[in-house]
Structure formats: structure tokens, C-alpha cells
Amino acid sequence: MRSVRLDPDLEDRLLRAAAVRGESPSEFIRRAAADRADATLDADAGDFADVLGVVHGGGGRARRTGEAFTDVVSERSSRG
């Protein structure tokens, strides 16, 4: 449970807006908080929406990079 303090102007606007929607002030605040939370969380994912997913490149040059790196490290370790 949370409580918030509102300045008198915002309190008045909240009461009027809740009445227009036919909601209690608490319900109005809950819906507003949920909408803002969803918009914020959706915006975070939206930054990467065009690159999210799985890409199958089919291999190629990068196919042996792990083995090649291990070979290089092993050679350098054995030199000294």
C-alpha cells in the first residue's frame, strides 16, 4: 500500500476528473498509475523492438571462433 500527498490544485483536479469518469479517486489513481507503468515498461522494450528475436546466420567464418581463440591462448601459454 502506498500513500501520496497532493497539492490542493492537483487534489481538486483529481476529484473533478474522477467524477467525470464516474470513478472513485482511488480507482482513478490506480488506473493512472497502471497506465503510466505500462507505458514506461513498454517504452523500454520498444527501444530494441526492431532487433529482438532469434537470428540464424547459417554459420560461415564465425563457426570456429571459440576453437580458434582457445588455440591462440594455448599457443601463447606454451611460449612462456
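In the working numbering, the protein residues as written are 232 to 311.
The C-beta atom is built at its ideal place from N, Cα and C for all residues, glycine as well.
Source: prediction; values computed, not measured.
Exercise for the section: Rounded to whole angstroms, what's the CA-CA distance from alanine 268 to threonine 296? Just pull it up for me. Expected result: If you draw a straight line from the Cα of alanine 268 to the Cα of threonine 296, it comes to about 42 Å.
Exercise for the section: Measure the Cβ-Cβ separation of alanine 249 and proline 256 and say whether it is below 8 Å. Expected result: Closer than 8 Å, so yes.
Practice task
Tell me whether the beta-carbon of phenylalanine 259 lies closer than 8 Å to the beta-carbon of leucine 245.
Solution key: Leucine 245 sits close to phenylalanine 259, with the two beta carbons spaced by under 8 Å.
Handout entry: Reduced DSSP category for glutamate 306 - H, G, I as helix; E, B as strand; rest coil
Key = If DSSP states are grouped into helix, strand and coil, glutamate 306 belongs with the helices.
Practice task
Reducing DSSP to helix, strand and coil, say where valine 235 ends up.
Solution key: The three-state reading of DSSP puts valine 235 in coil, since its state is none of H, G, I, E or B.
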